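K.L.:
Converting from the sequence shown to our numbering requires adding 488 to each position, the first position being numbered 1.
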Amino acid sequence: MPRHIIIVGAGVAGLTASIALSTELKRRNEPYRISVFESRTKEAIGDGGAISLTPLALYYFNTLGVLAELDSMGEMAGLEVDGISVLSLHNGHFLQPLKFGGGSNGHSGKHKGRRVLRKALFEAMLALALKDTQVSVEFEKRVVTVREVPEAVILTFEDGSSAKGSLLLGCDGVHSVVRSQLVDPGHLSDYSGVSFIQTLSTADRVGADPHFERSAIHLNRHGSFLATYCDKSHQSVFVAAVTHVNEFMVDKYRARALATKNEEALTAIQMALRHQVRCRFGKSTLPWIQEWIDKTFDWALYPVYQVKGCRKWYTAHTLLLGDAAHAMPPREESAAYAIEDSVLFAHIFANGVDRPPIELFQQYDNARREEIRKAFDSTRRLWQSDLDKGLFPGQYRNFISTAYHSLNADAEQDDQATLLNRSISAPTYEGMSDLSVHSLLYDSAHSLESEKRWTGP
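1. Quickly, what does DSSP pair Y547 with across the bridge? List them, please.
2. In this structure, what does DSSP give as the bridge partners for N708?
3. What does DSSP give as the partner residues of L688 in its beta bridges?
4. What residue range does the beta strand (DSSP E) around L567 cover?
5. Taking the alpha-carbon positions, what's the E639 to V662 distance?
6. For S527, name the three-state secondary structure that DSSP assigns.
7. Return the chain-ordered list of same chain residues with a C-beta closer than 6 Å to the C-beta of T644, the five sequence neighbours on each side being excluded.
8. Might you give, ordered along the chain, the residues of its own chain that have their beta carbon closer than 8 Å to the beta carbon of R768, omitting 5 neighbours on each side?
9. Roughly how many angstroms lie between the CA atoms of A498 and P791, to the nearest whole one?
10. Below 9 Å between beta carbons: does that hold for A804 and C659?
11. What did DSSP end up calling A498 once you bin it into helix, strand or coil?
12. Mind checking which residues open and close the alpha helix (DSSP H) that includes R768?
13. Would you kindly report the start and end of the unbroken alpha helix (DSSP H) that includes A617?
14. Tell me which residue opens and which closes the alpha helix (DSSP H) that S830 is part of.
15. Helix, strand or coil, according to DSSP, for F645 in the structure here?
16. Report the CB separation of R606 from G562 in whole angstroms; it is logged as a contact under 8 Å.
17. Using the Cα positions of G695 and A565, report the straight-line distance between them to the nearest angstrom.
18. Classify V765 as buried or exposed, calling it buried when 16 or more other Cβ atoms lie within 10 Å of its own Cβ.
19. Could you give the DSSP three-state label for K600: helix, strand or coil?
20. Just to check my reading of the structure: T773 and G580 have Cβ atoms closer than 8 Å, yes? What is that Cβ distance to the nearest angstrom?
21. From this set, R602, M737, S510, which residue's C-alpha is nearest Y717's C-alpha?
22. Applying the 10 Å Cβ sphere with the 16-neighbour rule, what's the burial state of T511?
23. Give a yes or no on whether the C-beta atoms belonging to A617 and I507 are separated by under 9 Å.
24. Using only the alpha-carbon positions, how far apart do A824 and S830 sit?
25. Return yes when the C-beta of E626 is under 8 Å from any heavy atom of the ligand FAD, and no when it is not.
26. Given a threshold of 16 other Cβ atoms within 10 Å of its Cβ, counted over all protein chains shown, does S683 qualify as buried or as exposed?
27. Tell me whether the region 618 to 628 and the region 735 to 746 touch, counting them as touching only if at least three CB pairs, one residue from each stretch, are closer than 8 Å.
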């Protein structure tokens, strides 16, 4: 009888896990069935604007076939980005740019970075996953209870249905039900203190000429302001103000957004967010920034949560992957972490499919935990150091990507089957090739101090 694998969550971690497991198990002619359950609607899962895919993420996506599926989508395939311009928001002066990768050409082998709409990435991954008839994906399946019995895991859903499998992967994000109910009861997510106030629109929203070619991030003492194109023809623009937002305001926003579909209430929320952006980022000598902020009314709030510490990741038949296991400050987990988690576990599982699940989980934990711990500690220290200084450079660097950590040309040639034979370094800010933490802090600090003389405390 085929082994039944249940995956809770159809985000990056969950869909990558389904694709990687399917690929590995088919290669070994192992019988299997994979069921993915997602609490959100199919339409809602692509919300959230745009996502930055690192060279490492693209490397794995290329191996799994996701990149080919994405590339077949034309304009929706996203925009290749090899670096991001960094500017002072106040005076428009260019600071030291962020270049991605660590190879001699500044990139991770043949892959650069890519900015793509979350909706497009989800559609590409879903289409690829469902090409395997042994994989199913169901939406609007909110987990109510999850429990383990001898040799199995049983889930019950809000609609009264249930599912039973021999193995469960909790890929349900930073607010994971699988984690809080079964794997590590009571281990809830915490608000980081930072939120994205963001919008996605067509480029013709403003008439001013853009001052950036593809992507730019603007610093001031309140945070960072990202502007980036998301398609090859530069028709789609994603803009995000990343800044401190009081937790009381976040809770109020979420409560109002969930409690009502009233258009008047939604407008009031958007006007409050607009006021926040105008007050904190509206003073700029850059015409494009000024006009965009003046003409934007459809801001949305995305609070950043974290799962503190590297605690318990598995039980006898259940394993957490991605954000559900280790969402890090100062934002939700990057795609690269979740993809690495899923690819690594799929390889371990396929090579030990007849072993008890808990032995495979232990092997995964031994291979992954130390790197995740180091990455968590590094980002936490950098994050706290920046907050103590009143700076945000560590935050914006991690928002763009927790790091465009490099694979050299030889590593690019590695087959997935050799994944365990090389160390998988979790992406951290240390992976940036030509911009040290110290130089970034130095340049940012000088820029911000200059702004303070103009704008006051």
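Just so it is clear, CB atoms sit at the ideal spot from N, CA and C, and this is done for glycine as well.
Keep in mind it's a predicted model, so treat the numbers as computed, not measured.
P.N.:
On the basis of the supplied data:
1. For Y547, which the question treats as bridged, DSSP gives no partner whatsoever.
2. G711
3. F726
4. 567 to 569
5. 27 Å
6. coil
7. V632, T633, S650
8. N708, H710, G711, A729, T731
9. 20 Å
10. no
11. coil
12. 751 to 769
13. 606 to 617
14. 823 to 839
15. strand
16. Wrong, their Cβ atoms sit about 17 Å apart, outside the cutoff.
17. 26 Å
18. buried
19. coil
20. 5 Å
21. R602
22. buried
23. yes
24. 10 Å
25. The ligand FAD is not part of this structure, which contains no ligands at all.
26. buried
27. no
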